[in-house]
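Chains as they are written, first to last, in this note's numbering: chain A, -9 to 110; chain B, -9 to 110.
We treat Cβ as the ideally placed atom computed from N, Cα and C, and that holds for glycine.
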């Protein structure tokens, strides 16, 4: 069946969450949002393109930082309201320069930092 | 620093998305939503507890199906607006009986089914 981005289920703001996972290692790197057009651009260009809610603009991941995400595979969940992008991540995915945005663990009631910023 | 669920960033409906990832294999199993109280219950009980938007009630994963998620680790992202739960998943995570909800790949413009329902 041909995939049509318009058949996804978007929230009231026209957005669908997209989880980025690193190919090979399986690390969950980040979660951000896409519009139908961002989904289209991601598939057309092979570069993961989110929608920036703060800037209200397309956000081609890594366009300024160089920390790009090349799309390996895009997956749709059973309810069609969440996406999983398998990506080849260049360097850190997080704006704090850490590999993943999920670097804080809740352990025994405390917040514990699991990873440090990457050194270029 | 002590973790306080009230310091997370919730959307207009008081919800935060939570990604469930299988320990060991790293499979991304599903994404669902939590309220602050669902986060608290998850940490207190060690059983991943979402908020069902359709039922407007707590959703202790696997309570009726037996396909429970035991919490191994809970992680908070850099913006504090998304959670990652590392879980020990009993059987399938998806209501379609598949291991993961992300069983559909968009490949060359078509939707391709990557996995079949699990057999008990």
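Check                                                                                                : Outcome
Cβ-based burial, residue 12(A) [other Cβ within 10 Å; buried from 16]                                : buried
Three-state class that DSSP yields for residue -4(A) in the structure shown                          : helix
Neighbour flag for residue -8(B) against chain A, beta carbons, 8 Å                                  : yes
With 16 other Cβ atoms within 10 Å as the buried cut-off, status of residue 95(B)                    : buried
Terminal residues of the alpha helix (DSSP H) in which residue 34(A) lies                            : 26 to 35
Backbone CA spacing between residue 107(B) and residue 92(B) [nearest angstrom]                      : 12 Å
Residue 101(B) at chain E interface by Cβ criterion, 8 Å                                             : As a matter of chain content, chain E is missing from the structure shown, whose protein chains are A and B.
Residue 95(A) at chain B interface by Cβ criterion, 8 Å                                              : yes
Opposing strand residues paired with residue 92(B) [DSSP bridges]                                    : Answer by DSSP bridge pairing: none, since residue 92(B) is not bridged.
Residue 38(A): first and last residue of the uninterrupted beta strand (DSSP E) it sits in           : Neither: residue 38(A) is in no beta strand (DSSP E) and is coded neither H nor E.
Residue-chain proximity (residue 45(B), chain A), Cβ-Cβ < 8 Å                                        : no
Inside the segment 40 to 68 of chain A only - beta strand (DSSP E) runs reaching at least 3 residues : 47 to 50 and 59 to 66
Residue -8(A) burial status per 10 Å Cβ neighbour count (16 or more: buried)                         : exposed
Per DSSP, the bridge partner or partners of residue 78(B)                                            : 60(B)
Assigned exposure category for residue 89(B) - 16 Cβ within 10 Å defines buried                      : buried
Between the CA atoms of residue 64(A) and residue 27(A) - distance to the nearest angstrom           : 15 Å
Beta-carbon neighbours of residue 82(B), restricted to chain A and to distances below 7 Å            : Those do not exist, as residue 82(B) stays about 11 Å from chain A at its closest Cβ, beyond 7 Å.
Run of the beta strand (DSSP E) containing residue 10(B), from where it starts to where it stops     : 6 to 12
Nearest neighbour of residue 30(B), chosen from 104(B), 69(B), 102(B) and -6(B) [CA to CA]           : -6(B)
Neighbour flag for residue 36(B) against chain A, beta carbons, 8 Å                                  : no
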